[in-house]
Structures are given as structure tokens and as C-alpha cells.
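Residues in the sequence shown are numbered consecutively from 15, following the numbering used here.
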Amino acid sequence: MDEVRTWQTIDMALAVAAAVIVAYGVLMLGWSVFVVIALFWFENVLIGVLNVAKMLITGAQSGYTVSMVAAVALSAFFTVHYGMFTVAHGVFVVGLFGQAELGSSQGMFAPLGRMLGYLLADREGWLAAAGITALQAAAFLRWLIATRAQPVLLPALMFAPYGRIVILHVTIIASGILVGMLKFPVLGALLLVALKLAFDIVAGNAAARTGGSPQPVPVRHFFISPEDDAKRP
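This is the structure in C-alpha cells:
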């Protein structure tokens, strides 16, 4: 129980710190709804990178060659599929919210490069990105500690990020469109920050109780030992 509370405290502190940095950018530096949503998109990229690391670590933890090969294959598939999803999402964010600040861009990757350059153009942008990175790094560390005793299934890891991202970002994008219609940019950006903070706290508390592992199942349950094989008819 103490470990759960410790992780919940860490997650809440990092989530609040990241939210405060973004709120400071909105209030003091004039960050727009686009910048806020772009930072959340940047977090999606981090989640994908760390999920690939989780899959490779899970394959290595099993001790079976076939699991290691499967981990490499599934992580490669995930990288392509999730990468396409993230690129399309980023282009959508730029097209819907970033035209006024970035102008028009041709191609698929040019808008993403301009968005990242815009986000990291000053110290505050780097600080906000660092806060988001620290939050996800803590979640990764919690997962790494938990799965030493309870390895997880590779398919569960492969699909784990999608539910969170779809629910959160559909809500945020819908809210961003509504805010744009109401013409209250500062209040709207702060509303998005508060919405994201609430989501992070709830998700962090839930992950702390489970160790951050989706459906922990011992890998050995999916392999037949020589002793069990000899007992089969």
C-alpha cells in the first residue's frame, strides 16, 4: 500500500508540475490552444517510443528466443502502425489549429517538423517538453519495476496506448473546436490543461494500483514445458 501511495504521489506531483508549466505558458507567454494541443501530441510520440522499449524488454525478460523474435517483429509492426497514426494525428492538429501560427505546409512530415520547431523555439517550450517527458518516464519506471515479477503479454502492450490516446485526444480536439467557436482563447487553453491534468491524475492512480501493467500474465503460461509435454496423450 505504501508503494502505491508513493507512486500516486510521484505521478500527481509530476502531472501538476507539467500542467503548471503549460498554464504559465498560456497566461504569461500567450501560448494558444494550438500550442497546448501540440504539446499533448508530443506526449503521444513519447508514449509510442517508450511502448516500443516495453515490448523489447518484455521479449528479453521471457528468456525464450521465440519471444525475443516476436517482440522485435511486433515492435516493428507497432512502430509503423502507431507512427502512421501519430503522423496523421499531428497533421490534423496542425491543419485544424495551427494554420494561423505556422501557415500552410506541403506534405506529411513538413507540418510536423514546423510544429516541433515552433514548440521548442524557446526555453519555456523545452521546459514544458521536459515536464511531460518526466511524467512519462516515471510511468515507464513504475512499469519496469512491476513487470520484473509479472511479465505481460506482448499483444496487450501493443494495443495498450491506443485507448488512452483516442479517448483523451478526441475529447481535447472536440473541446478545442468548441473553444475556438466561443472566442475565449486563454480560458479555452486553460480548460484543456485542466482536462489533461484530471485525466493524468486518474490514469496515474489507476496505474499505480496495477503497477502500470496491462493484464499481467506470466509468459510461461504460453509455453509447454518438457514435463507437461510428456504428460499429454
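The C-beta atom is built at its ideal place from N, Cα and C for all residues, glycine as well.
Item to check | Cβ neighbour criterion (16 or more within 10 Å) applied to Asp136 | outcome: exposed
Next on the checklist: Tell me which residues share the same chain as Met129 and place their Cβ nearer than 7 Å to its Cβ, disregarding the 5 neighbours each side in the sequence.
Outcome noted: Ala52, Gly104, Val108, Gly112 and Leu116
Item to check | Separation of Ile179 from Ala31, as counted between CA atoms | outcome: 21 Å
Next on the checklist: For Gly48, tell me which candidate among Val101, Ala217 and Leu133 has the shortest Cα-Cα distance.
Outcome noted: Residue identity check: residue 48 is Phe in the sequence provided, not Gly. Checked all of Val101, Ala217 and Leu133; the closest Cα to Phe48 is Leu133.
Item to check | Straight-line gap, Val200 to Lys68 (C-alpha atoms, nearest Å) | outcome: 37 Å
Item to check | Extent of the continuous alpha helix (DSSP H) to which Trp45 belongs | outcome: Neither: Trp45 is in no alpha helix (DSSP H) and is coded neither H nor E.
Checklist entry - Looking at C-alpha atoms only, which residue of Glu138, Met82 and Ala148 is the closest neighbour of Ala27? => result Ala148
Next on the checklist: For the structure I just gave you, are there three or more beta carbon pairs, one from the segment 183-193 and one from the segment 83-97, closer than 8 Å?
Outcome noted: no
Checklist entry - Taking buried to mean at least 16 other C-beta atoms within 10 Å of its own C-beta, is Leu206 buried or exposed? => result buried
Next on the checklist: Please report the straight-line C-alpha distance between Ser81 and Ala33, rounded to a whole angstrom.
Outcome noted: 39 Å
Checklist entry - Does the beta carbon of Ser189 sit closer than 8 Å to a beta carbon anywhere in chain C? => result In the structure shown, chain C cannot be found, because there is only a single protein chain.
Checklist entry - Is the CB-CB distance between Leu168 and Leu88 below 8 Å? => result yes
Checklist entry - Buried or exposed: Val18, going by 16 or more other Cβ atoms within 10 Å of its Cβ? => result exposed
Item to check | Reference Gly38; option with closest CA among Ile181, Leu141, Phe173 and Thr161 | outcome: Reading off the sequence, residue 38 comes out as Tyr, not Gly. Per the Cα distances, Leu141.
Item to check | Whole-angstrom distance between Met195 and Ala203, CA atom to CA atom | outcome: 13 Å
Next on the checklist: What does the Cβ neighbour count give for Ile181, buried or exposed, with the cut at 16 atoms within 10 Å?
Outcome noted: exposed
Next on the checklist: Can you tell me whether Thr23 is buried or exposed? The criterion is at least 16 other CB atoms within 10 Å of its CB, across all chains shown.
Outcome noted: exposed
Checklist entry - Who are the Cβ neighbours of Val86 in its own chain at under 8 Å, not counting the five residues just before and after it? => result Leu70 and Gly73
Checklist entry - If you count every other CB in all the chains shown that lies within 10 Å of the CB of Ser76, and 16 or more means buried, which is it? => result buried
Checklist entry - Can you check whether the CB of Ile146 is closer than 8 Å to the CB of Phe213? => result no
Checklist entry - Could you give the residue range of the alpha helix (DSSP H) that holds Leu250? => result Since the displayed the chain opens at 15 and closes at 247, residue 250 lies outside it and no answer follows.
Checklist entry - Applying the criterion that 16 or more other CB atoms from any shown protein chain within 10 Å of the CB defines a buried residue, is Val193 buried or exposed? => result buried
Item to check | Phe198: first and last residue of the uninterrupted alpha helix (DSSP H) it sits in | outcome: Run containing Phe198: none; DSSP gives neither H nor E here.
Item to check | Own chain partners of Met122 with C-beta closer than 7 Å, once the 5 adjacent residues on each side are dropped | outcome: Val101 and Val105
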